[in-house]
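The sequence shown finishes on residue 420 if you use UniProt numbering, and the numbering steps up by one all the way, no holes. Glycine is no exception: its CB is placed at the ideal position from the N, C-alpha and C atoms.
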Amino acid sequence: MKKIVIIVFLGLMGLGFSEFVEYPIDGYERTGIKRLKRLEMIKNGELKESTPLPAGAMKSWEEIKLNLLSKKEDSTGSFFVVDEPFQKDIGALFRGLDKSYSLTIMDISDPDSVRYAERNKSLGYQPGSVGKLAVLTALFEQLAKIYPDSFELRTQLLKNKEVKAGVWGLRDEHTVPIFNVEKNTLVKRQVVASDVFSLYEWADHMLSVSNNGAASIVWREALLMAAFGEKYPELTEEEAMAYFKETPKKDLTDLANDVVNLPLRDLGITADEWRLGSFFTSGANTYVGDKGGSIGTPYGLMKFLVQLEQGKVVNEESSLEMKRLMYMTDRRIRYAQSPVLKEAAVYFKSGSLYKCDRSKGEECGKYMGNVQNFMNSVIIVEHPDNCRYMVVLMTNVLRKNSASDHMYLASAIDKIVRKG
Numbered sequence: 001m002k003k004i005v006i007i008v009f010l011g012l013m014g015l016g017f018s019e020f021v022e023y024p025i026d027g028y029e030r031t032g033i034k035r036l037k038r039l040e041m042i043k044n045g046e047l048k049e050s051t052p053l054p055a056g057a058m059k060s061w062e063e064i065k066l067n068l069l070s071k072k073e074d075s076t077g078s079f080f081v082v083d084e085p086f087q088k089d090i091g092a093l094f095r096g097l098d099k100s101y102s103l104t105i106m107d108i109s110d111p112d113s114v115r116y117a118e119r120n121k122s123l124g125y126q127p128g129s130v131g132k133l134a135v136l137t138a139l140f141e142q143l144a145k146i147y148p149d150s151f152e153l154r155t156q157l158l159k160n161k162e163v164k165a166g167v168w169g170l171r172d173e174h175t176v177p178i179f180n181v182e183k184n185t186l187v188k189r190q191v192v193a194s195d196v197f198s199l200y201e202w203a204d205h206m207l208s209v210s211n212n213g214a215a216s217i218v219w220r221e222a223l224l225m226a227a228f229g230e231k232y233p234e235l236t237e238e239e240a241m242a243y244f245k246e247t248p249k250k251d252l253t254d255l256a257n258d259v260v261n262l263p264l265r266d267l268g269i270t271a272d273e274w275r276l277g278s279f280f281t282s283g284a285n286t287y288v289g290d291k292g293g294s295i296g297t298p299y300g301l302m303k304f305l306v307q308l309e310q311g312k313v314v315n316e317e318s319s320l321e322m323k324r325l326m327y328m329t330d331r332r333i334r335y336a337q338s339p340v341l342k343e344a345a346v347y348f349k350s351g352s353l354y355k356c357d358r359s360k361g362e363e364c365g366k367y368m369g370n371v372q373n374f375m376n377s378v379i380i381v382e383h384p385d386n387c388r389y390m391v392v393l394m395t396n397v398l399r400k401n402s403a404s405d406h407m408y409l410a411s412a413i414d415k416i417v418r419k420g
């Protein structure tokens with residue numbers, strides 16, 4: 001009898017869907033993101049919630065700042081000079097461990113005296129949901145091309161332009177929060193093809209609950225912006241659908257790939273350091289194919305964080321707005337769940353991808369792959385005492401849920417940074 005080997009591939013990008021949310025709580029009037037209204041009501045005591053909001057989640061949108069604006073003219077490479085005492089302390093955390101752990105860390109508490117350390121900085125990993133930061137960059141890049149002279153018009157388009165999910169939002173089992181501002185009711189459910197949200201809300205769903213369908217939809221809209229330019233704000237669903245049906249799939253694939261990757265190249269991040277090669281849902285593959293594969297490295301992602309803090313990702317206003325969209329305002333997971341970060345503001349994206357081979361007879365399950373088991377954390381930490389640092393931690397530890405490792409390392413790293 002022929003032996004049948006079953007390989008189970010489970011790609012779940014971003015543990016904790018529907019369990020953590022981002023963007024400053026007071027941002028509802030500015031963005032129209034409805035779930036922020038609910039959080040504001042909880043904060044004000046108008047609604048009850050069993051889980052209190054973390055102290056570090058209380059910043060207003062105006063309080064969020066970029067930390068390296070004073071170094072905006074400095075080259076990216078100038079920040080990546082290893083501080084030997086810092087490197088020694090960080091390296092000690094990984095003594096005896098193999099290359100399954102890779103990291104870059106930068107203490108930016110004093111912009112005039114940055115400390116940097118690294119471990120396997122150029123080792124490539126499947127980025128998982130961390131790749132959604134590239135989609136966010138693509139969105140703001142295209143907005144800047146449509147309205148080069150007005151950031152206000154860009155945010156108005158994000159708030160007022162509503163788009164339908166269609167098949168792009170399908171094949172993601174994870175939910176999005178839908179808050180009814182008239183009835184004050186919250187429903188968490190999967191995205192369906194008929195769902196309509198504003199661009200701001202789709203971007204928020206992409207980051208706050210790491211919804212894969214939302215990521216594909218935001219990427220789709222960035223593609224449409226590139227294709228239609230100044231005509232995009234008035235683009236109808238019918239016109240968009242006609243474009244996708246009439247344009248050769250190869251052309252759409254090439255444009256989609258350029259839209260999401262060329263902004264990274266403009267930041268000096270090479271294709272081997274960070275690239276995105278496929279949409280996040282199978283529904284998107286109806287129209288757009290895969291190209292080039294996806295990869296991320298601690299070095300490439302730290303390059304992105306440095307330039308975000310410098311205000312160089314698209315431009316200063318865009319960098320700041322992207323940072324607001326990364327701000328966590330609810331339950332924290334993985335690296336961000338460390339108790340030592342409770343009082344800190346954190347700007348966070350997590351991603352995972354695991355693969356199981358059941359034929360090996362080994363225990364293998366959710367976030368415990370025995371073939372691949374990628375878990376990635378990208379975070380900016382801002383303590384109330386102005387201790388500020390950035391970390392990219394990427395792991396591929398087989399047969400183990402690495403969430404606890406990430407949380408432990410967060411506490412240990414924080415201790416090293418704070419001792420100065």
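A buried status is given to residue 121, since no fewer than 16 other beta-carbon atoms sit within 10 Å of its beta-carbon.
Of the candidates 170, 222, 210, 222 places its Cα closest to the Cα of residue 161.
In the DSSP assignment, residue 373 is bridged to 354. Shown here for residue 367: same chain residues with a beta carbon closer than 8 Å to its own, the five before and five after excluded, namely 12, 15, 352, 354, 373, 375, 401, 402, 403 in chain order. In terms of CA proximity to residue 159, 31 leads the group 31, 313, 230, 387. Pairwise C-beta distances place the region 169-186 in contact with the region 212-226, as three or more of them are shorter than 8 Å. Counting the other Cβ atoms within 10 Å of the Cβ of residue 225 gives 16 or more, which makes it buried. By DSSP's assignment, residue 107 forms a beta bridge with 115, 389.
Here the alpha carbon of residue 198 sits roughly 6 Å from the alpha carbon of residue 163. For a cut-off of 8 Å, the C-beta gap from residue 157 to residue 143 is around 7 Å, short enough to register as a contact. Between residue 253 and residue 306 the beta-carbon gap is near 31 Å, outside 8 Å, which marks them as no contact. Here DSSP, grouped into helix, strand and coil, assigns residue 102 to strand. In the structure shown, residue 31 falls within a helical segment according to DSSP collapsed to helix, strand and coil. Closest in C-alpha terms to residue 183, from the list 413, 46, 361, comes 46. Here DSSP, grouped into helix, strand and coil, assigns residue 212 to helix. Between residue 127 and residue 296, the CB-CB gap stays under 8 Å. When the beta-carbon positions are compared, residue 150 and residue 387 stay at least 8 Å from each other. Look at residue 413 here: in three-state DSSP terms it is helix.
Ranked by Cα distance from residue 94, the first of 133, 408, 419, 111 is 408. Counting along the chain, the unbroken beta strand (DSSP E) around residue 197 starts and ends at 196-198.
Residue 382 and residue 358 have their C-alpha atoms some 42 Å from each other.
Between the region 308-321 and the region 63-70 there are three or more inter-stretch CB-CB distances shorter than 8 Å, so the stretches are counted as touching. The region 263-270 makes no contact with the region 280-294: fewer than 3 CB pairs, one atom from each, lie closer than 8 Å. Beta-bridge pairing by DSSP links residue 162 to 198. Taking the C-beta atoms as reference points, residue 392 is found no nearer than 8 Å to residue 348.
Boundaries of the beta strand (DSSP E) harbouring residue 178: 175-180, taken from the DSSP string.
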